[in-house]
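Peer 1:
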Ligand code: ADP
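Structure (structure tokens):
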């Protein structure tokens, strides 16, 4: 037998997932780790704990399944993106905790960079907007605030890495300091056109190039994990969202996936075209299997499944997220609209002052209408982002591949298809992120070809649009009207 092992290093847990050579899951182990919140807006992880939990799930998985190590042909890594670790090159000891993508401590520095007119530079080189989310300002913070760090960095004694890089460093005993294009493209230091670290941006952030890893395509022989006398090659790396795009077999331009979790993450493959967005999307690097870059447009929705949590936890109109389907199906009219702008609106509106609202209430509006409207808001927001993608890329899609917790809701999936007017394809294996990392590694190891990958991803259910286009456009027009009325809501005059 041949197996491929995916290490899925997420924000709250480390997982190991073993795939057989048919792409079926042979086993999964998962372990949570500690979240540190040292101050309001700060989020940290202990890099050693990340490594220990990741190693532990790997060790128990192979031990408990009694898989001969020789049958594991390659390892693929997928990771929480942007989270930043800086460590001492000599000792391998981190100089500070990992600063997590959610951490807002560098917001002030980001504002300063914007005030100094750096937005255009950052956008054209990296495809990103200046934001505390990305790794660059986090690395800057560590160099500025950890005693002795700046000095050591200037002497070439420190190493920077996103979580993939940190794990590989640990797995290879400090031999390999490397990342892939997808992770590099989220650092705000990497020029996505020249595929090199960008001197101007490094100067802007005060990060010496000696700290930075080498960068390779996502399907590549990155190094070997020496475990119990076996050298298992590490042959795939990708940041979680790009791994999911690959795991959904969105391999060509115009193929897109949307992940429906707490928020939504949508990515569209734009092939070798590096498109600047004019609609508030990010341009980023997708997984590539050789030196030829592949690009993607990315848009996120802050509140998606979280609107269903709100129905459950704040309104208490449902007991479980899954119940929303039953109640939504009891209503057949669609006059109620809910805009879940609980924390402002992201792409394509980018209005931090927008707030949530429910429209169209009448004397006979009941809880079911509101539940239905909450589900539909997820689909409407997805159409907003997809429309922005289509406009930026000049490509219209015919199918959307979906994954994430809320895709188990058939009502939502059917409504999504109806409101987009495209097919919505829910796969059998919804572990797209891990599957993507496994695909990348399996390709390099020669276990699979690109054709095999397309076969491995199988449709579990295809939702086809049944609404007339007049009805679709009329519903969407009313949604836009509802959004319009929430904009600027909380801004004080
Ligand atoms: P995350 O990775 O962001 O934690 P998951 O992919 O685990 O998210 O999905 C969980 C989210 O999906 C929650 O916000 C939950 O409210 C929502 N959700 C789960 N099941 C359903 C369902 N059947 N219908 C609607 N929403 C759901």
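Numbering (my numbering), first residue to last: 10 to 502.
The beta carbon of each residue, even a glycine, is placed where N, CA and C say it ideally should be.
1) Suppose the cutoff is 7 Å on Cβ atoms and the five residues either side in sequence are ignored; what does the same chain contact list for residue 442 look like?
2) Verify the contact flag: residue 421, CB atom, against every heavy atom of ligand 1, threshold strictly below 7 Å.
3) Which residues does DSSP list as the beta-bridge partners of residue 242?
4) Using three-state DSSP, classify residue 436 as helix, strand or coil.
5) Cβ-heavy atom distance between residue 62 and ligand 1 below 7 Å?
6) I need the boundaries of the beta strand (DSSP E) containing residue 408, first residue and last residue.
7) Give me, in chain order, the residues of the same chain whose beta-carbon lies closer than 6 Å to that of residue 155; leave out the 5 immediate sequence neighbours on both sides.
8) Residue 325 to residue 377, Cα distance in whole Å?
9) Closer than 7 Å to a non-hydrogen atom of ligand 1 - does that hold for the CB of residue 333?
10) Taking Cβ positions, are residue 294 and residue 201 nearer each other than 8 Å?
11) Using alpha carbons as the reference points, say which of 349, 12, 23 lies closest to residue 75.
12) How is residue 209 classed by DSSP in three states: helix, strand or coil?
13) Could you work out which residue in 473, 70, 157 is closest to residue 165 when comparing CA atoms only?
14) On a CA-only basis, which of 416, 371, 423, 430 is nearest residue 396? Give me that one, please.
15) Kindly indicate which three-state DSSP category residue 378 falls into: helix, strand or coil?
16) So, with DSSP's three-state summary, where would you put residue 119?
17) Could you pull out every residue in the same chain whose Cβ sits closer than 7 Å to the Cβ of residue 388, ignoring the five residues on either side in sequence?
18) Starting from residue 307, follow the beta strand (DSSP E) in both directions and report where the run begins and ends.
19) Taking only beta-carbon positions, decide if residue 135 is within less than 8 Å of chain C.
20) So, with DSSP's three-state summary, where would you put residue 24?
21) How many Å lie between residue 413 and residue 438 at the Cα?
22) Figure out for me which residue from 180, 185, 225 has the closest Cα to the Cα of residue 193.
23) Just list the residues that DSSP pairs residue 347 with in beta bridges.
24) Hey, which unbroken runs of the beta strand (DSSP E) at 3 residues or more fall wholly within the stretch 418-470?
25) Could you spell out where the beta strand (DSSP E) holding residue 95 opens and where it closes?
26) When you measure from the CB of residue 271 to every non-hydrogen atom of ligand 1, does any distance come out below 7 Å?
27) Smallest Cα separation from residue 405: which of 411, 394, 415?
28) Mind checking residue 121: buried by the 16 CB within 10 Å criterion, or exposed?
29) Which stretch, first to last residue, makes up the alpha helix (DSSP H) that contains residue 321?
30) Can you tell which of 14, 448, 20 has its C-alpha closest to the C-alpha of residue 27?
31) Between residue 337 and ligand 1, is there a pair consisting of the residue's CB and a ligand heavy atom that are separated by less than 7 Å?
32) Under the criterion of a Cβ to heavy atom distance below 7 Å, does residue 413 qualify as lining ligand 1?
33) Using the three-state DSSP reduction, which class does residue 189 fall into: helix, strand or coil?
34) Using the Cβ count rule (16 or more neighbours within 10 Å means buried), how would you classify residue 89?
35) What residue from 490, 206, 114, 21 has the CA that sits closest to residue 131's CA?
36) Residue 77: which of 142, 236, 178 sits nearest, CA to CA?
Peer 2: Taking the geometry as given:
1) Scanning its chain for C-beta atoms nearer than 7 Å, with the 5 sequence neighbours on each side dropped, one finds around residue 442 the residues 17, 87, 249, 252, 253, 256, in chain order.
2) Proximity of the beta carbon of residue 421 to ligand 1 is indicated: a heavy atom of the ligand is located closer than 7 Å.
3) Answer is 233, bridged to residue 242.
4) Three-state DSSP puts residue 436 in a strand.
5) For ligand 1, no non-hydrogen atom lies closer than 7 Å to the CB of residue 62.
6) Looking at the DSSP string, the run of the beta strand (DSSP E) that includes residue 408 is 408-412.
7) So the qualifying residues of the chain are 104, 105.
8) Our two residues, residue 325 and residue 377, have alpha carbons roughly 12 Å apart in a direct line.
9) Under cutoff, so the answer is yes.
10) Contact flag set, yes.
11) Put simply, of 349, 12, 23 the residue whose alpha carbon is nearest the alpha carbon of residue 75 is 12.
12) In the structure shown, residue 209 sits in a helix (DSSP, three-state: H, G or I).
13) Relative to the Cα of residue 165, the nearest Cα in the group 473, 70, 157 belongs to 157.
14) Of the listed residues, the one whose Cα sits closest to residue 396 is 430.
15) In the structure shown, residue 378 sits in a helix (DSSP, three-state: H, G or I).
16) Here residue 119 carries a helix assignment [DSSP, helix/strand/coil].
17) The beta carbon of residue 388 is closer than 7 Å to those of 421, 424, 425, 428 in its chain, skipping five residues each way along the sequence.
18) Start and end: 304-310.
19) Looking for chain C here will not work: only one protein chain is present.
20) In the structure shown, residue 24 sits in a strand (DSSP, three-state: E or B).
21) Going from the Cα of residue 413 to the Cα of residue 438 covers about 11 Å.
22) Ranking 180, 185, 225 by Cα distance to residue 193 puts 225 first.
23) The partner list for residue 347 (beta bridge, DSSP) reads 367.
24) Runs found: 432-436.
25) Here the beta strand (DSSP E) through residue 95 covers 94-97.
26) Yes, the Cβ of residue 271 comes within 7 Å of a heavy atom of ligand 1.
27) Out of 411, 394, 415, 394 has the C-alpha closest to the C-alpha of residue 405.
28) Answer is exposed; the Cβ neighbour count stays below 16.
29) Counting along the chain, the alpha helix (DSSP H) containing residue 321 begins and ends at 314-322.
30) For the residues 14, 448, 20, the minimum Cα distance to residue 27 belongs to 14.
31) No, the beta carbon of residue 337 sits no closer than 7 Å to any heavy atom of ligand 1.
32) Within the cutoff, so yes.
33) Residue 189 carries a strand assignment under DSSP once its states are collapsed to helix, strand and coil.
34) Residue 89 should be labelled buried.
35) The option with the nearest alpha carbon to residue 131 is 206.
36) Minimum Cα-Cα distance from residue 77 among the listed residues 142, 236, 178 corresponds to 236.
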